[in-house]
Amino acid sequence: MEKVNLMISKEDINKRLEEIASLINEEFKDEEVILVCILKGSIYIMCDISQHLTMPVTIDFMSVSSYGDKTESSGRVRIIKDLDEDIEGKNVIIVEDIIDSGRTLSYLTDLLKARRPKKLKICTLLDKPDRRVSGCILKVDYVGFVIEDKFVVGYGMDYAQKYRNLPYIGALEL
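As structure tokens, this is what we get:
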């Protein structure tokens, strides 16, 4: 049986997402922004942060897979659902739950840059820079929390599709 140990409270998450929204509001002012939510883990983050944005916001979704039911990335990125809208000439913010090895986000960033957005930014709730693999150098524009190398669940993040509904972020012990 798994055990989940509290790492980041719901209150701390909400406070940090409000701070990130302020930074986005400053940067984009009244320019329209497209939030690209990376399913499924980022849905909570995208919903909560979007409520604090003051500019016109549209949302779109991508679904990618590199984990399956494992706690380690396979290293192979599959696009399961692509964007519905054209992003050429538009301000785009990729909303991610966690950056681990960096493979998935490097792949997505290259894919979306090729579609010629006006600006392409990255927002993540959690960052594990110690887990980056060689060649995955990312400029992350908005970071909620830098965390140690633990497998985390809650606030949209899962283990084998479980624990997404936890209102906080916890470290999973198997």
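Taking numbering that gives the first Met the number 0, the leading residue of the sequence shown gets 0, the next gets one more, and so forth.
Where is the CB? At the ideal position from N, CA and C, for every residue including glycine.
From a predicted model like this one, the values you see are computed outputs, not experimental measurements.
Say whether the region 90–108 touches the region 122–132, bearing in mind that this needs 3 or more beta-carbon pairs closer than 8 Å, one atom from each stretch.
yes
By a C-beta neighbour count over all protein chains shown, 10 Å radius and 16 as the cutoff for buried, is Asp29 buried or exposed?
Taking the first residue of the sequence shown as 1, we reach residue 29 at position 30. Asp29 is exposed by the Cβ-count criterion.
Since Ile37 and Glu95 are thought to touch, with beta carbons under 8 Å apart, how far apart are those beta carbons, to the nearest angstrom?
Your numbering for residue 37 matches position 38 in the sequence shown. Your numbering for residue 95 matches position 96 in the sequence shown. Confirmed, Cβ separation roughly 5 Å.
For Ala170, list the residues DSSP reports as bridge partners.
Working through the sequence shown from its first residue, we reach residue 170 at position 171. Note: Ala170 sits in a beta bridge opposite Asn4, Val151.
For Met156, I'd like the list of residues in its chain whose CB is within less than 6 Å of its CB, leaving aside the five on either flank, ordered along the chain.
Reading the sequence shown from its first residue, position 157 is the one you call residue 156. Closer than 6 Å at the Cβ level, and outside the excluded window around Met156, lie Gly40, Asp96.
Specify, as a first and last residue, the run of the beta strand (DSSP E) that Tyr141 falls within.
What you label residue 141 is simply residue 142 of the sequence shown in a count that begins at 1. Looking at the DSSP string, the run of the beta strand (DSSP E) that includes Tyr141 is 141–145.
In the DSSP assignment, find the unbroken alpha helix (DSSP H) run with Leu110 in it and report its ends.
On the sequence shown, residue 110 is found 111 positions in, with the first residue counted as 1. Leu110 -> alpha helix (DSSP H) spans 102–112.
Quick check on Lys161: does DSSP put it in helix, strand or coil?
Translated into the one-based positions of the sequence shown, residue 161 becomes position 162. Three-state DSSP puts Lys161 in a strand.
To the nearest angstrom, report how far apart Ile146 and Leu119 are at their CA atoms.
Walking along the sequence shown from the start, residue 146 turns up at place 147. Walking along the sequence shown from the start, residue 119 turns up at place 120. Those two C-alpha atoms are separated by around 24 Å.
Can you tell me whether Ser21 is helix, strand or coil according to DSSP?
One-based indexing of the sequence shown puts residue 21 at position 22. Looking at Ser21 - three-state DSSP - the assignment turns out to be helix.
Between the Cα of Arg115 and the Cα atoms of Glu31, Gly88, Arg130, which residue gives the shortest distance?
Along the sequence shown, one-based indexing puts residue 115 at 116. Selection Glu31, Gly88, Arg130 evaluated against Arg115 yields Gly88 as nearest (Cα-Cα).
Are there 16 or more other CB atoms within 10 angstroms of the CB of Thr103, so buried, or fewer, so exposed?
Within the sequence shown, the letter at position 104 stands for residue 103. Buried.
Can you tell me where the alpha helix (DSSP H) with Ser49 in it begins and where it stops?
Mapped onto the sequence shown, residue 49 falls at position 50. Start and end: 42–49.
Is the beta carbon of Cys46 sitting closer than 8 Å to the one on Ile93?
One-based indexing of the sequence shown puts residue 46 at position 47. One-based indexing of the sequence shown puts residue 93 at position 94. Contact: no.
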